[in-house]
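Chains R, X, G, D, B and W are the protein sequences, given in the same order.
Residue 142 in the UniProt record's numbering sits at position 142 of the first sequence, with consecutive numbering throughout.
Residue 87 in the UniProt record's numbering sits at position 87 of the second sequence, with consecutive numbering throughout.
Residue 103 in the UniProt record's numbering sits at position 103 of the third sequence, with consecutive numbering throughout.
Residue 106 in the UniProt record's numbering sits at position 106 of the fourth sequence, with consecutive numbering throughout.
Residue 23 in the UniProt record's numbering sits at position 23 of the fifth sequence, with consecutive numbering throughout.
Residue 138 in the UniProt record's numbering sits at position 138 of the sixth sequence, with consecutive numbering throughout.
Here the structure is laid out as structure tokens; the discussion comes afterwards.
Protein chains: 6
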Amino acid sequence: MLVEFGATRVLCAASVQESVPRWRRDSGLGWVTAEYAMLPRATNTRNDRESVRGRIGGRTHEISRLIGRSVRACVDFKALGENTVQLDCDVLQADGGTRTAAITGAYVALADAVTWMRGRKLLRGDPLITSVSAVSVGVVDGEPRLDLCYEEDGAANTDMNVVCTGDGRFAEVQGTAERAPFDRAELDALLDLAAAGCAELTRLQNEALAR
Amino acid sequence: MLVEFGATRVLCAASVQESVPRWRRDSGLGWVTAEYAMLPRATNTRNDRESVRGRIGGRTHEISRLIGRSVRACVDFKALGENTVQLDCDVLQADGGTRTAAITGAYVALADAVTWMRGRKLLRGDPLITSVSAVSVGVVDGEPRLDLCYEEDGAANTDMNVVCTGDGRFAEVQGTAERAPFDRAELDALLDLAAAGCAELTRLQNEALAR
Amino acid sequence: MLVEFGATRVLCAASVQESVPRWRRDSGLGWVTAEYAMLPRATNTRNDRESVRGRIGGRTHEISRLIGRSVRACVDFKALGENTVQLDCDVLQADGGTRTAAITGAYVALADAVTWMRGRKLLRGDPLITSVSAVSVGVVDGEPRLDLCYEEDGAANTDMNVVCTGDGRFAEVQGTAERAPFDRAELDALLDLAAAGCAELTRLQNEALAR
Amino acid sequence: MLVEFGATRVLCAASVQESVPRWRRDSGLGWVTAEYAMLPRATNTRNDRESVRGRIGGRTHEISRLIGRSVRACVDFKALGENTVQLDCDVLQADGGTRTAAITGAYVALADAVTWMRGRKLLRGDPLITSVSAVSVGVVDGEPRLDLCYEEDGAANTDMNVVCTGDGRFAEVQGTAERAPFDRAELDALLDLAAAGCAELTRLQNEALAR
Amino acid sequence: MLVEFGATRVLCAASVQESVPRWRRDSGLGWVTAEYAMLPRATNTRNDRESVRGRIGGRTHEISRLIGRSVRACVDFKALGENTVQLDCDVLQADGGTRTAAITGAYVALADAVTWMRGRKLLRGDPLITSVSAVSVGVVDGEPRLDLCYEEDGAANTDMNVVCTGDGRFAEVQGTAERAPFDRAELDALLDLAAAGCAELTRLQNEALAR
Amino acid sequence: MLVEFGATRVLCAASVQESVPRWRRDSGLGWVTAEYAMLPRATNTRNDRESVRGRIGGRTHEISRLIGRSVRACVDFKALGENTVQLDCDVLQADGGTRTAAITGAYVALADAVTWMRGRKLLRGDPLITSVSAVSVGVVDGEPRLDLCYEEDGAANTDMNVVCTGDGRFAEVQGTAERAPFDRAELDALLDLAAAGCAELTRLQNEALAR
């Protein structure tokens, strides 16, 4: 499925394998993992391919791990059975917030895959405890803002990625002071804004899956 | 730009750099190079990412080199000036003929880039001597066929990729006997079919660029 | 310098180079970067060396980036001049909280290096705007806890790393729901606990530097 | 065995393994694969070792794949049984046409290996349907030429590698316009010349094997 | 255990695995292997990490192999049973003679591991035939010297590493003429000195193990 | 040049570059370096290519360094001028003693290159202080033996590689106890035998260069 947030476009796909990684075998539990990547011309200035450089950069590694961890927060691995869902999030066009768009889209791809698995009787129960969505928030010109585009992102003093579950709790909070450290009041305002943004995304995810 | 041939979809992008590789410096000549890649879920069964495996496979290398060589066949490097055009061909969905779709699309992306460069006065003349397009032809059930889809491709005894210029000459001919070697008569029939297919693509490229 | 938190021992060293990375040249600004690594027998079960495997794992990449980002939050790059400080954090023994111990120790190593640079007249002002320290907090058996050791870490439902500046603000907040997502009240309690823990560490850092 | 064409010298060796790659197991079919490499001083100017650079270049990959594909065109994998023949083609001295010399020599090494396997009762029939040989042809100063040496190769407008079977059919046709695209008449003349050249090589191969 | 020779400090650790490498399986024999590495700031000038460079340097490879070979000289693999002892020698601080310090310390770590294995009934006999220690000797200003520190090492014309067993025989002799080749008389003097040095180290090893 | 010792065949080539590595620039001194490699079928059982595995093995690294160090022992770098001689030693066929054959042949290739450089006026004096040759000696069935072939090599208790200069001194002594440590008397006997063997090789090198 293709997720679009403003000018950011991420292609999210789920692949099901009827087995689990070696370290997970014979545990009766499933696994969900994710890989994130950017096409070389997703950004305005071309980036070299990581396949050509021969190694995955730290940023790519970090985001892949974040997506996997976030999506796993809503999964009951026992109900999934010994199956693996591999999520691929490929950024075709980037204008800020690619990692949060990827998480939000990866959940929808996962939910689609779960429906497909149910049809093929691969599950032992309902593996989706709740849903997961993510937003990026930041302080721009002293004001908390939701869904920063690339330009605002560069101008933000603080950049925070928040992953919420469908029932309004937090799966991941990653706040980084880009230029000036933030105090507790700013942190609270950003968390409020993020929770509201995620609630709206949850609604949109449900709509997309209802189709 | 997005090229679609049947169910095959390839994203082709050109990036301009106002410099040339080290071995080409101070020659007064430009350069055109290409990179080909496939998203992990472009095919029905997921392929591992080459960035994760840490090395580019032989097939990817071979196709990247073929695209670069083919497109360079229509370029006047002196007119291009000491600029490099980097072509990226990323397969979003694959159903046979990805390399020929990539060449055909890469030419259009190159022509767009040349127009953009002309606007910025980066050129010393007209770098496009002619156009370039490519088709895949093969013998299926004893009959020559054009534009094989994935299933026909697997059934073909012979698989041939032909790159033609806009004036009807050959830039590249790559014929491989998948199962049974082919005789001269079969080869001639395939070449006729390919030349006609390329002529049709040349017409479509011109239409796309006219828009 | 060797940092010890419980049974966790991290060797932190700063190296000064009178130049900056290529992308930073002629900007008048300095740079601070960090690398984190673990000896193969730092943990109870031996881990393979990343040099032998030929690539750095995602976790190592992620922690190296976190340390660098955290320590940069207290640096005035203009005052640093066009110099680079490279921080190396090598874990000799690991019992939970290695990344926060590394950040806390890296700041002390940086402050030492700044003193050394001042003696050699390499600075254009005071590059340390404030200090930086970090703690790991989590919820164990329903109770917020500071400085988790390895066993508690495994038992925690939520794991949060908080980096504070010496003046009580936040440079980085990274909270991850290991098993169950956390609600806002839990998040607030953890942030209170972390801020108090960092304040105590700031005091200890000042003592260490006064020696 | 050592193949010499003019000043080009290629060492071709076949190694037999009584097993097949994982993807081929329990199919009852054998496999033939090839690797091509050049010594650093095979050319006049030294080339860096690919083992030192840590990755195989695109050209090496491409030629290795071409040799394997070409030689497999004459093999009946059922008759070969579940055995693998690994062909190694190492260029000691290069003066043009190394890939076609390698294919021609690889066939002879394969035929030798087949004889050895027959002696050890490893085969289920005669795995060699026909023989395979290859030539390089090109247009130099407007004239089609056979077996280009390095200097002619550089001067050729078109470079074409043709692999023929012993019964006069084509296993592979690879024509590349180095400078100017070629028309159908030129292509036909080159194919005629190549077919005649391969027929002569087939005769020499048979002589070598008769010894 | 931490070995200190002058300002050189090497951390030596042994890890026991109840299995052997694939090529050694079902032989009834055990295995001992070693890895050597240096922290980036072990030397006065920082060295890049080999994990970051993505490959192990020749020097590291060579020393790891030397340590493994030397320590294996005192082991009865039958008595060890099908177990592997992995020795890790990590240089925290380097001031000459790191490889010989590593060998001497690795033996003590191995002897400790053997005692631990005996307690867990993993052995089939006594795997330590003798002990192993090593010294570095050289000619500085025309005089043979023992245990060269970094400065003397640089000034030495000849550098020789000698590994002796506890019963006074040689397991390894590696003499290299750094600047001027050495004659037989010099070689004999260095060997005498080394044998005496190793005897003294054997005494210290026994003391350390007696504790 | 091709060196043959019994069934061992090593191709040794020297390449001259009129520059030195970065760390040696503007020193007025030249450099000599060596690379050693084995063709996959040099041995009876095929070895995988190091270029395919993507990394150079420890043994290859170690031998390349030994050859470089040995040959440098006879070079006056000032007289060589700021030039680099790169020596390539490729083993075509291996039957024991490949590293010593490579050193002996590398010296002859170097001497040839020096003659060629003299003709082109690239030198500032005579860069060859003396010559260098190497032998492998060992104890087989209790008797010291010279130039072990592969079978004897495997049967030897001790394996020693000795590099001598043309004036009878030692450039390198590397003795390893393969099975049982050796005592001083054995060591002395091996050194006597090696010195005699190198003297004979020196004579043969002079003959080869006189041609």
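By construction, the Cβ of each residue, glycine as well, lies at the ideal position given by its N, Cα and C atoms.
Counting along the chain, G/Asp-159 sits inside the beta strand (DSSP E) bounded by residues 158-165.
Residue nearest to D/Gly-96 within the set D/Thr-202, D/Asp-147, D/Arg-41, D/Ala-180 is D/Asp-147 (criterion: CA-CA distance). Note that the C-beta distance between G/Pro-144 and G/Val-135 is not below 8 Å. If you check the CB distance, D/Met-38 and D/Ala-94 come in under 8 Å. Judged by DSSP secondary structure, R/Ser-15 falls within the beta strand (DSSP E) whose first and last residues are 8-17. X/Glu-82 is a Cβ neighbour of X/Val-20, given a cutoff of 8 Å. Per the DSSP secondary-structure output, X/Ser-51 pairs with nothing in a beta bridge. A straight line joining the alpha-carbon of W/Arg-65 with that of R/Thr-33 spans about 44 Å. Going by beta carbons, X/Gly-30 and X/Pro-181 fall outside the 8 Å limit. Contact annotation for W/Ser-64 against chain B: Gly-58 [CB-CB distance below 9 Å, chain order]. Rounded to the nearest whole angstrom, the C-alpha separation of G/Val-140 and G/Leu-190 is 11 Å. The residue among D/Cys-89, D/Cys-198, D/Arg-46 with its C-alpha nearest the C-alpha of D/Phe-170 is D/Cys-198. Sorting X/Gly-6, X/Ala-210, X/Arg-41 by C-alpha distance to the C-alpha of R/Asp-88 places X/Arg-41 at the top. Taking the beta carbon of R/Val-52 as reference, the chain X residues within 8 Å of it are Glu-35, Ile-56, listed in sequence order.
In the displayed model, R/Cys-89 falls within a strand according to three-state DSSP. In the DSSP assignment, B/Arg-25 falls outside any beta strand (DSSP E), carrying neither H nor E. By the rule that beta-carbons nearer than 8 Å mark a contact, G/Ala-180 does not touch chain B.
According to the DSSP assignment, X/Ala-134 belongs to the beta strand (DSSP E) that extends over 132-140. The same chain holds no residue with a CB closer than 6 Å to that of W/Arg-55 once the five nearest residues on each side in sequence are set aside.
Here the stretch 66-77 of chain D lies against the stretch 98-114 of chain D, with 3 or more beta-carbon pairs under 8 Å apart. In the DSSP secondary-structure assignment, G/Thr-100 is not bridged to any residue. Counting along the chain, X/Val-173 sits inside the beta strand (DSSP E) bounded by residues 170-177.
Close partners of W/Ala-13 in chain D (Cβ separation under 9 Å): Leu-39, Pro-40, Arg-41, Arg-46. Around the beta carbon of X/Gly-68, 16 or more other beta carbons sit within 10 angstroms, so the residue counts as buried.
Interface with chain W (8 Å Cβ-Cβ cutoff): B/Arg-69 is included. In this chain, the alpha helix (DSSP H) harbouring B/Arg-72 covers 58-72. Per DSSP, B/Tyr-107 has no beta bridge partner at all. Taking a Cβ-Cβ cut-off of 9 Å, the neighbours of G/Leu-92 in chain B comprise Leu-11, Asp-90, Leu-92, given in sequence order. The residue among B/Gly-105, B/Thr-115, B/Gly-125 with its C-alpha nearest the C-alpha of B/Ala-79 is B/Gly-125. Within chain X, the residues Pro-181 have their CB atoms less than 8 Å from the CB of D/Thr-165, given in chain order. Comparing C-alpha distances from D/Ile-103 to each of D/Ala-210, D/Ala-14, D/Leu-193 shows the shortest one belongs to D/Ala-14. The three-state reading of DSSP puts W/Arg-46 in coil, since its state is none of H, G, I, E or B. Taking a Cβ-Cβ cut-off of 7 Å, W/Leu-2 has no neighbours in chain B, whose nearest Cβ is about 26 Å from it. Taking 8 Å as the threshold, the shortest C-beta distance from R/Phe-170 to chain G falls below it.
Counting the other Cβ atoms within 10 Å of the Cβ of R/Asp-167 gives fewer than 16, which makes it exposed. The alpha carbon of W/Glu-200 has as its nearest neighbour, out of W/Ala-106, W/Ser-51, W/Ser-131, the alpha carbon of W/Ser-131.
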